[in-house]
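The structure appears below as structure tokens.
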Amino acid sequence: IAPVLPPLDVGAGRACEKHQEALKLFCQEDQSPICVVCDRSKEHRAHTVVPAEEAAQEYKVGRNPRPAQLSEIATPHCVSCSVQQLLVIGGNIQSIGRKKILSEFEKLHLFLEEKELLLLAQLEVLDKEILKRHDEFTTRLTQERSRLGTLISEMEGKCRQPASEFLQVRLSTKLVTCQLPHLVQEFSKGSKGVPLTLLILSSPPANVTLDPDTAHPHLILSEDGKSVKWGPARQDVPDNFRRFDPVPCVLGCEGFTSGRHCWEVEVDGSSWAVGVARESVTRKGGVSLEPEEGIWAVGQLNPIQYVALTSPWTSLPPDRRPRKIWVALDYKRGQVAFFNAENHTEIFTFIAVTFAGRIFPFCWVADKNSQLSLCH
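Going by UniProt numbering, the first residue of the sequence shown is number 1, and it counts up by one from there.
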């Protein structure tokens with residue numbers, strides 16, 4: 001039902017506060033009553049002015065709905081139509097809300113499916129690694145048992161010799177030392193090196209953005225801090241103590257001091273590296289990309305050299321050269337693992353790392369044809 005407009009104030013029977021004249025006129029622009037002196041003033045000279053009574057009559061006839069119109073609006077048919085319109089609008093809102101909810105659930109479902117495939121693939125890799133170590137341990141244990149059996153037989157034979165001959169034999173303590181405790185310890189230590197990928201990758205992806213205050217002057221970061229590439233010229237940026245120079249590196253904004261964290265990086269080009277670095281890593285002067293400097297990373301140094309940046313470097317097979325890489329940090333266990341995000345295979349894992357202080361996502365880009373992008 002249309003609202004009834006408030007009565008129009010035309011000033012009938014009142015005097016102008018400014019000139020003490022009767023308010024006989026009405027200014028259309030200001031929608032207020034005025035006197036004849038006001039009409040000649042500079043303020044209202046260019047305005048449309050009509051007699052107050054005429055303005056009041058026009059308002060009554062033209063702007064307020066007539067009783068007949070109000071009666072027509074209030075008919076059951078019109079009320080029913082309005083209700084139907086409200087129901088349609090409500091239905092549309094509900095439909096839009098339902099579609100949005102279904103869309104969000106579909107995205108969540110796809111994410112969980114991808115996560116399931118990734119975890120199943122990592123479980124398969126883990127099973128194969130454990131089986132391989134078990135077979136190696138069983139083989140060495142069998143060899144040790146055979147060696148000990150041979151030694152026992154020899155010792156029994158020596159014991160049956162006459163005393164004069166037996167005393168001439170000197171047994172080597174190294175020869176008869178049982179290697180079983182050593183094998184068990186070695187197997188236990190090796191098992192700790194099995195990548196705990198199920199635990200690491202079960203964490204939700206970290207929202208990593210790059211810190212422009214740490215970027216080498218040649219590196220160009222996107223506005224959202226999600227990608228970095230090599231620029232043709234040095235940028236005019238503040239030379240603060242956090243900025244890498246001359247080594248073309250950049251760190252993430254957020255550092256980690258505990259927990260498990262993973263993020264995905266899309267790589268392009270032939271001169272890049274991704275991983276993690278200590279907050280205390282050297283920023284000025286020469287920096288070696290290796291664990292001794294507080295950097296744990298993998299990368300492509302040139303078109304033919306794809307390596308894990310150990311000391312010395314560890315060459316990686318060409319089939320492990322991915323387009324997208326998962327970087328997985330397990331602070332407590334001292335592990336940094338890298339996985340091919342497309343086929344879910346392991347690339348390389350740093351183990352038994354002693355972290356100290358905050359650990360940051362790390363990127364290195366060294367030529368104009370290379371770019372790294374953090375996936376959302």
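Ideal placement from N, C-alpha and C gives every residue a C-beta, glycine not left out.
In this text the structure is predicted, and so the values were computed from the model without any measurement.
Can you check which of these residues, Cys16, Val50, Ala22, is closest to residue 398 by C-alpha distance? Given that the chain is displayed from residue 1 to residue 376, the structure contains no residue 398 and the question cannot be resolved.
Check whether the Cβ of Arg45 sits closer than 6 Å to any heavy atom of the ligand GTP, and report yes or no. Within the structure as shown, the ligand GTP is missing, as the structure has no ligands at all.
Cβ-based burial, Phe244 [other Cβ within 10 Å; buried from 16]: buried
Pick helix, strand or coil for Thr349, following the three-state DSSP scheme. strand
Looking at Leu251: is its Cβ nearer than 7 Å to the Cβ of Phe360? yes
Going by other Cβ atoms of all chains shown within 10 Å of its Cβ, with 16 needed for buried, is Cys159 buried or exposed? exposed
Mind checking whether Ser227 and Ser370 have CB atoms under 7 Å apart? no
Use the C-beta contact count for Gly357: other C-beta atoms within 10 angstroms, 16 or more gives buried, fewer gives exposed. exposed
To which residues does DSSP link Phe241 through a beta bridge? Partner(s): none; Phe241 has no beta bridge.
Alpha carbon of Arg234 to alpha carbon of Gly269, nearest angstrom: 20 Å
If you draw a straight line from the C-alpha of Ser280 to the C-alpha of Asn340, how long is it? 29 Å
Nearest residue (CA-CA) to Leu120, options Thr345, Val267, Ala337: Thr345
Alpha carbons only, please: which of Ile347, Glu342, Asn343, Lys107 is nearest the one belonging to Leu309? Ile347
Have a look at Trp364, Asp319, Glu223 and flag the residue whose alpha-carbon is nearest the alpha-carbon of Ala277. Trp364
Taking its Cβ as the centre, do 16 or more other Cβ atoms sit within 10 Å of residue 401, making it buried, or is it exposed? Nothing about residue 401 can be reported from this structure: the residues present for the chain run from 1 to 376 only.
Could you tell me which of Thr138, Tyr331, Asn343 sits nearest to Ile351, measuring between CA atoms? Tyr331
Quick one: give me the first and last residue of the beta strand (DSSP E) that Cys249 is part of. 249 to 251
Three-state class that DSSP yields for Arg278 in the structure shown: strand
If you drop the 5 nearest sequence neighbours on each side, which residues of the same chain put their C-beta closer than 7 Å to that of Ile295? Gly275, Ala277, Val281, Leu289, Leu309, Phe362
Given this structure, state the Cα-to-Cα distance separating Phe137 from Arg147, to the nearest angstrom. 15 Å
When you compare only the Cα positions, how much space is there between Asn240 and Asp224? 21 Å
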